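Residue numbers (my numbering), protein chains in the order written: chain U, 1 to 150; chain B, 1 to 150.
Cβ atoms here follow ideal geometry from the backbone N, Cα and C, with glycine treated the same way.
Values in this document were obtained by computation on a predicted structure and should not be read as measured data.
Below is one structure, written out as structure tokens; the observations come after it.
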DNA sequence: GGAATATAGTTAGCTATGCTAACTAAATGA
DNA sequence: TCATTTAGTTAGCATAGCTAACTATATTCC
């Protein structure tokens, strides 16, 4: 019965890969966080804003779901964004709901921040060999797939 | 002069890859954060503890550097960990420095938390096709390389 | 129609986590 | 020895996470 042995080995490899991915994600974001501070806007606000800019307008509850955060938390995050003029609250037919949309200023700030972050990464990427760089592109595609399963 | 054009095209691809990796890292950790809450210990404490458990004992300043955080912030994080009995402060020859080390309880809690996180990830991995899964395993090592450049 | 219930957001109050400024204590060195 | 540098802590502020409790609007059911 080599079957069992194979399965257990594969499982151990799976765990090792998962571990590597987890660690890589943590350290990646920790480095990039430094660049985010330049935007003068907190990480939660930045992330919520990015959902509105790249994903389009939506209600507070939907935004809270997207950000994996409770409504009261999102309520305060949005309050900060609105105070800074980066997000606008719109009324809907349903008087309970609000429609949240990014302002032009919000979109601009987000694009600039994203540019900074991504440039740091792209710079690191460019120091790798041509092949490794291509492999990383392939990897990022696989990661998207993985996320859909998570 | 196709050189310029090629470079600009390559650069655009680089940015796209960087963007994908960044987004993947954000969403990966956001999903896994849910599992972390089960440990009853905050994310910053968990992360600092993991440095001590997996990376070994070190001073407060070194830990702050590793976590990309200012000394006062780390001082408080460590205070919380010490209060919970997960970390021990040891005196060194240099009277100013402290040597921080994880306790057995700290190591245990961390391993359990890591297990939960990594299991979620491993489960998602196992739902991919055999080839994709293998490819991801091969490529995850590349991420470590990338991080060293960042 | 009108009362009971359900749903969307907000407010209040707690903890944790980030920062800078200012402090204490120990080591270094001129 | 006495000034300076270095390590860590304390104090005080802002952001961000949570639950509990509240308000206001929709929906349901009699």
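Query: Do you know how far the Cα of residue 111 of chain B is from the Cα of residue 20 of chain U?; Result: 15 Å
Query: Would you please verify whether the beta carbon of residue 36 of chain B is less than 8 Å from any beta carbon of chain U?; Result: no
Query: Measure the beta-carbon distance from residue 24 of chain U to residue 125 of chain B and round it to whole angstroms, keeping in mind my assumption that it falls under 8 Å.; Result: Contact doesn't hold; Cβ gap of about 14 Å is too wide.
Query: Label residue 17 of chain B either buried or exposed according to how many other C-beta atoms from any shown protein chain fall within 10 Å of its C-beta, with 16 as the threshold for buried.; Result: buried
Query: First and last residue of the beta strand (DSSP E) that includes residue 117 of chain U?; Result: Here residue 117 of chain U belongs to no beta strand (DSSP E); instead the alpha helix (DSSP H) covers 104-126.
Query: Determine, using beta carbons only, whether residue 94 of chain B and residue 142 of chain U come nearer to each other than 8 Å.; Result: no
Query: Hey, which unbroken runs of the alpha helix (DSSP H) at 4 residues or more fall wholly within the segment 3-85 of chain U?; Result: 43-55, 60-66, 71-83
Query: Can you round the beta-carbon distance between residue 99 of chain U and residue 127 of chain U to whole angstroms, since I take them to be within the 8 Å contact cut?; Result: Not a contact, Cβ separation roughly 44 Å.
Query: Do residue 67 of chain U and residue 51 of chain U have their beta-carbon atoms positioned less than 8 Å apart in this structure?; Result: yes
Query: At least one CB of chain U closer than 8 Å to the CB of residue 46 of chain B: is that the case?; Result: no
Query: I'd like the span of the beta strand (DSSP E) that includes residue 88 of chain U, first residue to last.; Result: 87-91
Query: Residue 142 of chain U lies in the alpha helix (DSSP H); which residues open and close that run?; Result: 130-149
Query: Between residue 98 of chain B and chain U, is the shortest Cβ-Cβ distance under 8 Å, so that the two count as touching?; Result: no
Query: Which of the residues in the segment 50-79 of chain B, read from start to end, lie with their CB under 8 Å from any CB of chain U?; Result: 67, 68
Query: I think residue 120 of chain U touches residue 33 of chain U, with their Cβ atoms under 8 Å apart; what is that distance to the nearest whole Å?; Result: Not confirmed; about 11 Å, so no contact.
Query: Quick one: what's got a C-beta closer than 7 Å to residue 47 of chain B's C-beta in the same chain, skipping five residues either side?; Result: 67
Query: Just by C-beta distance, which residues in the segment 22-35 of chain B are closer than 9 Å to chain U?; Result: 22, 23, 24, 25, 26, 27, 28, 29, 30, 31, 32, 33, 34
Query: Examine chain B for any beta-carbon lying closer than 8 Å to the beta-carbon of residue 149 of chain U, and answer yes or no.; Result: yes
Query: Once you ignore the five residues that flank residue 104 of chain U on each side, which residues in its own chain have a CB closer than 7 Å to its CB?; Result: none
Query: Please tell me whether residue 124 of chain B has its Cβ less than 8 Å away from any Cβ of chain U.; Result: yes
Query: Can the beta-carbon of residue 134 of chain B be found less than 8 Å from the beta-carbon of residue 81 of chain B?; Result: no
Query: Do you know whose CA, among U/54, U/69, U/123, U/27, lies nearest residue 37 of chain B's CA?; Result: U/69
Query: Measuring alpha carbon to alpha carbon, tell me which residue in U/57, U/150, U/137, U/123 is nearest residue 150 of chain B.; Result: U/123
Query: Quick one: residues in its chain with C-beta nearer than 7 Å to the C-beta of residue 116 of chain B, no 5 flanking neighbours on either side, listed in chain order?; Result: 35, 38
Query: Could you check whether the Cβ of residue 132 of chain U sits closer than 8 Å to any Cβ belonging to chain B?; Result: yes
Query: Report the three-state DSSP secondary structure of residue 99 of chain U (helix, strand or coil).; Result: strand
Query: What does residue 110 of chain B reach in chain U if we use C-beta pairs closer than 9 Å?; Result: Residues of chain U passing the Cβ test: none, with the nearest at roughly 13 Å.
Query: Let me know if residue 129 of chain B comes out buried or exposed under the rule of 16 or more other beta-carbons within 10 Å of its beta-carbon.; Result: exposed
Query: Between residue 107 of chain B and chain U, is there a C-beta pair that is closer than 8 Å?; Result: no
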